[in-house]
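Residue numbers (full-length UniProt numbering): 1 to 471. The structure appears below as structure tokens.
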């Protein structure tokens, strides 16, 4: 009886083993015959396999896990990740009736097996190369695992546990694994954003579609914002014609008609604020505006165009670049700083070698340039430019055109101009009313204080002249 009992156990084991050996391929066959993992009938077809082969629940769950692992390994052997992989894997898991615990075990086990297979033929240095196909396959495995755990609604604790097991199987930390996941996910979302741009006018794209894509791919808010801003910037460059390697004249580039309507649509779909959109437009338009503005001011300084023509050219450029008045004011302030800062810097080169004659002439040129800038900006009608001297020639103001010069250098320039003005008088010992007026203009342009003027006048003319000037 004992012998027959043992024989019965052995016989049953062989039958179970045979059933298991036949059931696994039958599960795979059921998936194929049902029309794939997305078939409505695939789950019921797989369930029939269990009944047909008389496999108990525990053994059948183990078989399903094994099928899932093989499917997953086969999927990642193609290193190119596709968004369809996520849906396909989710459908397979559902068809196999696997819960979160079973899926976690399957991913960890498959990770160990896939890494073992990979390391048989691929050295570690190749696996450190993000562009190597085997490294890409591992990163794809990490991406699919992270998405599988997140989309299954795992708690944070459960997610960390399951993801750390997969990361450990590949010999990396969880943080590194998540970084690799992000590297796989971002290109998918970039493609979604590129598609958004291409289909913008069709009405087929929306912020909700992008939100669903982010949720599907696991793109966090910070990364999404960066990618959205980058996408908006790419659109600006394309509309301006800056998306080319050809040499282009910055002064000739401009937005085509309807550009702002398109940018506003894209801004809304991407969920950008007005401030973010304005910043990107101004950032790309700045050099294009300055190229025209600075050349126009040089023509005005040379007397080739008057203030009215210069302002008309800048106003036209504002329209071509779709710049708001607030942006225009910032750019004009920058233009004044550059237009006047350059001649002041050149003046300083002569002052450094004590060339008072050249320093005087250059400061006169600076005064003329200042008056030209003042006349041009006065035509804007904007109150910000009403007190021109206070805005641009207070050395401590943010828009100061002379603030780059140290107090000592500014005083040196003033002192040289004062001495040279005296020499230019008929007696070579006095200041005429006309020369005095010029000296005071230079005082204002260089941000010289009344106290400093008094000290310099005393040094130049002595106490007697100061008394005369006070009468």
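Heads up, the beta-carbon is just placed ideally off N, CA and C, and yes, glycines get one too.
Cβ-Cβ separation between residue 64 and residue 97: approximately 7 Å, consistent with a contact (criterion under 8 Å). Annotation for residue 187: the continuous alpha helix (DSSP H) segment containing it runs 174 to 198. Taking each of 31, 321, 362 in turn and checking the Cα distance to residue 258, the smallest one comes out for 321. Shown here for residue 432: same chain residues with a beta carbon closer than 7 Å to its own, the five before and five after excluded, namely 425 in chain order.
Residue state for residue 132 is assigned as coil, using DSSP reduced to three classes. Cβ neighbours of residue 447 within its own chain (closer than 7 Å, five residues either side excluded): 393, 394, 395, 402, 410. Here residue 163 is buried: its Cβ has 16 or more other Cβ atoms, across all protein chains shown, within 10 Å. Per DSSP, the unbroken alpha helix (DSSP H) holding residue 102 starts and ends at 100 to 121. Between residue 184 and residue 143, the gap from beta carbon to beta carbon is short of 8 Å. Straight through space, the alpha carbons of residue 335 and residue 368 are spaced by roughly 16 Å. In the structure shown, residue 449 adopts coil according to DSSP, grouped into three states. Minimum Cα-Cα distance from residue 27 among the listed residues 173, 80, 92 corresponds to 92.
Beyond the five residues adjoining it in sequence on each side, residue 40 comes within less than 7 Å, by CB distance, of no other residue in the same chain.
Residue 102 sits away from residue 166, with the two beta carbons spaced by 8 Å or more. When rounded, the separation of the alpha-carbon atoms in residue 30 and residue 170 is 32 Å.
By the Cβ neighbour-count rule, residue 390 is exposed, with fewer than 16 other Cβ atoms within 10 Å of its own. In this structure, the alpha-carbon of residue 274 lies about 26 Å from that of residue 292. Excluding five sequence positions before and after residue 379, the CB atoms of its chain that fall closer than 8 Å to its own CB belong to 307, 308, 311, given in chain order. Excluding its 5 nearest sequence neighbours in each direction, residue 139 has C-beta neighbours in its own chain below 6 Å: 180, 184, listed in chain order. Within a 10 Å sphere around the beta-carbon of residue 445 sit 16 or more other beta-carbons, which makes this residue buried. Assigned with DSSP and collapsed to three states, residue 396 falls in coil, not helix or strand. Where residue 289 is concerned, the enclosing alpha helix (DSSP H) starts and stops at 274 to 301. Between residue 158 and residue 100, the C-beta gap is smaller than 8 Å, which places the two residues in contact. Considering only 413, 228, 262, 151, the residue with the shortest C-alpha distance to residue 348 is 413. Residues 110 of the same chain have their beta carbon placed closer than 6 Å to that of residue 72, with the five preceding and five following residues left out of the count. Judged by DSSP in its simplified three-state form, residue 40 adopts coil rather than helix or strand. As the crow flies, the alpha-carbon of residue 218 is around 15 Å from that of residue 175. Using a 10 angstroms sphere on the CB of residue 69, the tally of other CB atoms reaches 16 or more, which defines it as buried.
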